[in-house]
Every structure is written in C-alpha cells, then in structure tokens.
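Only one structure is covered here, and it is reproduced in the block below.
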Amino acid sequence: LHTSRPGIVIGGQGANIESLRKFLEERFKERFNINIKEIKKPYLDAYIVADMIGKQVERRIPYRRACKLTLERAMEAGAEGIKIRVSGRLNGVEISRSEFFTAGKVPLQTLRSDIDYAYFRAITTYGTIGIRVWIYRGKVFN
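With this note's numbering applied, the sequence shown corresponds to residues 2 to 143, in that order.
As structure tokens, this is what we get:
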C-alpha cells in the first residue's frame with residue numbers, strides 16, 4: 002500500500018492494518034502480507050492531488066481556492082508543471098463548464114516527459130464534478 006499518511010492506515014498498535022488483513026483473508030481465503038510505504042511528497046502524486054481537491058469541493062470549499070492552493074503547493078514540492086481541469090456544474094450553475102488552472106509547463110506531446118495523470122469524481126449536491134490533474138515531474142531520459 003502506498004499512502005501519504007501511513008499512521009492513519011496502520012492505526013494504534015497496528016489495529017487498522019490487522020483488521021484490513023483479516024478482512025482480506027476472509028474475503029479471498031488466502032494469506033496476505035501488507036506492506037505500507039509512505040509517499041514522501043504527496044503533492045507530486047496526481048491521484049492524491051485530485052483526491053484532495055475533490056474532497057475539498059465536496060466539503061463546499063470554493064473550487065478556485067482549492068485549485069490555486071494546490072498549484073502553489075505542488076510547485077513548491079518540486080513539480081516542473083501542473084495542470085488541473087475542473088468540469089461540471091461549477092458553483093451550482095445550470096450550464097456546466099470546464100476551467101483550467103496551470104502553473105509551470107506540462108508538455109503533453111513530448112513522449113519522454115514524466116507526467117502523472119489522475120481523474121477524480123467529486124459528488125456534490127448539484128451533481129458530479131470531474132477533476133483531472135496532470136503533474137510534470139521532469140524528463141524520463143536526459
């Protein structure tokens with residue numbers, strides 16, 4: 002398991018991980034060995050970033066503020082570029098639209114660029130909002 006917050010997954014004295022292991026063993030009738038690895042820089046992982054923005058939107062935090070703060074934090078964490086696309090009934094309006102937020106550069110047409118992509122669906126009272134995140138971490142080969 003890769004997580005940005007291993008303490009929550011493990012729980013007090015390993016209680017959460019033990020209950021997870023027992024659940025998996027009962028469900029699949031096989032023995033499981035669960036290893037947990039911490040993601041040191043969560044703002045360089047596209048799925049974690051998309052999940053953070055989505056959870057904030059579901060808690061009714063303005064999507065612009067959530068996206069702009071995330072852009073700043075990802076660039077501070079060492080990303081060379083980040084692009085966020087938020088689509089749906091933004092602010093509860095009747096006609097849905099898409100908005101892009103970008104910082105740095107995200108060369109999507111270059112094959113050797115190390116780009117992490119993720120999609121998250123936030124379910125709000127107005128409907129579904131799709132959040133797509135591209136994070137450019139540099140070139141694969143130099």
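No residue lacks a Cβ here, since even glycine has one placed at the ideal position from N, Cα and C.
- THR125 is a Cβ neighbour of GLY93, given a cutoff of 9 Å.
- Taking 3 residues as the shortest admissible run, the stretch 51-112 contains the following complete beta strand (DSSP E) segments, listed from N- to C-terminal end: 82-89 and 98-105.
- Between the beta-carbon of TYR120 and that of ALA80 there is about 18 Å, and that puts the pair past the 8 Å contact cut.
- For VAL10, the uninterrupted alpha helix (DSSP H) segment begins and ends at 7-11.
- Within the same chain, SER88, GLY89, TYR120 and ARG122 come within 7 Å of GLY131 by CB-CB distance, once the 5 residues on both sides are set aside.
- Beyond the five residues adjoining it in sequence on each side, GLN57 comes within less than 6 Å, by CB distance, of ALA67 in the same chain, given in chain order.
- Assignment of GLY128 by DSSP, reduced to helix, strand and coil, places it in the coil class.
- Sequence-distant Cβ neighbours of HIS3 in its own chain, meaning closer than 7 Å and more than five residues away, are LYS38 and ILE40.
- The DSSP-derived three-state label of GLU19 is helix.
- Collapsing the DSSP output to three states places PHE29 in a helix.
- According to DSSP, residue pairing for ALA123 in a beta bridge involves ILE130.
- Between ILE35 and the set LYS42, LYS69 and SER20, the nearest pair of CA atoms involves SER20.
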